[in-house]
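J.: Positions 249 to 389 (the numbering used here) are the ones given, in order, by the sequence shown.
Even for Gly, the Cβ is constructed at its ideal location relative to N, Cα and C.
All values derive from a computational prediction rather than experimental measurement.
Encoded as structure tokens, here's the structure I'll be asking about.
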Amino acid sequence: MSEMKIGQLAKASGVKTDTVRYYETLKLIEPAGRTRSGYRVYDEAAVDRITFIRRSKSLGFKLSEITSLLELQTSQTASCEDMLLRTKAKIKEAEENIQYLKRMRNALESLEADCPGGAQPLTECPILDYLAASTKQMNNK
């Protein structure tokens with residue numbers, strides 16, 4: 249399949265046509281050309297590029313960062329070190345997210361432990377009390 253319309257590209261890439269259009273507005277992909285009737289046509293390179301984008305997203309890279317990765321990929325002056333630095337930064341970010349999620353889990357587990365559950369009326373629910381407490385009330389605890 250050398251030339252594809254947007255629907256074919258979306259299917260071959262495992263994304264929706266809206267995603268292809270969105271990536272195009274962000275200049276992440278470009279059509280290879282247009283048919284005489286004005287339809288965009290894409291080539292296999294577009295499939296590869298969307299695969300690159302999807303894999304990058306699965307590793308936590310944001311679309312703005314992926315734009316930078318794509319530029320890096322075609323750079324004549326970039327080195328492996330440039331990619332390594334970006335990867336290390338992403339690892340650090342992932343570690344910070346893990347720590348945040350652990351704190352969140354601990355807070356939720358604490359709320360869960362404080363809640364008697366059962367037929368207790370919601371007016372006496374410690375979880376709702378915590379969520380509704382004012383900043384002043386929380387600082388006095």
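Return yes when the C-beta of T265 is under 7 angstroms from any heavy atom of the ligand ZN, and no when it is not.
T.: This structure simply doesn't include the ligand ZN, nor any ligand for that matter.
J.: With H, G and I counted as helix, E and B as strand and the rest as coil, what does DSSP make of V289?
T.: strand
J.: In angstroms, rounded to a whole number, what distance separates the CA positions of A342 and G308?
T.: 8 angstroms
J.: Does the segment 260-270 come into contact with the segment 289-302, if we say contact requires no fewer than three beta-carbon pairs (one atom in each stretch) closer than 8 angstroms?
T.: yes
J.: Among D362, V263, M252 and S382, which one has its Cα closest to the Cα of D291?
T.: M252
J.: Using three-state DSSP, classify R302 as helix, strand or coil.
T.: helix
J.: Just tell me which of I277, A258, I254 and G262 has its CA closest to the CA of T283.
T.: I254
J.: Helix, strand or coil for G255, going by three-state DSSP, please let me know.
T.: helix
J.: Buried or exposed for L349, please, with buried defined as at least 16 other CB atoms from any protein chain shown within 10 angstroms of its CB.
T.: Exposed is the call here.
J.: So, using beta-carbon positions, are L318 and L276 closer together than 8 angstroms?
T.: yes
J.: Which residues bound the alpha helix (DSSP H) around C328?
T.: C328 to D362
J.: Taking the alpha helix (DSSP H) that R269 falls in, what are its first and last residues?
T.: T265 to T273
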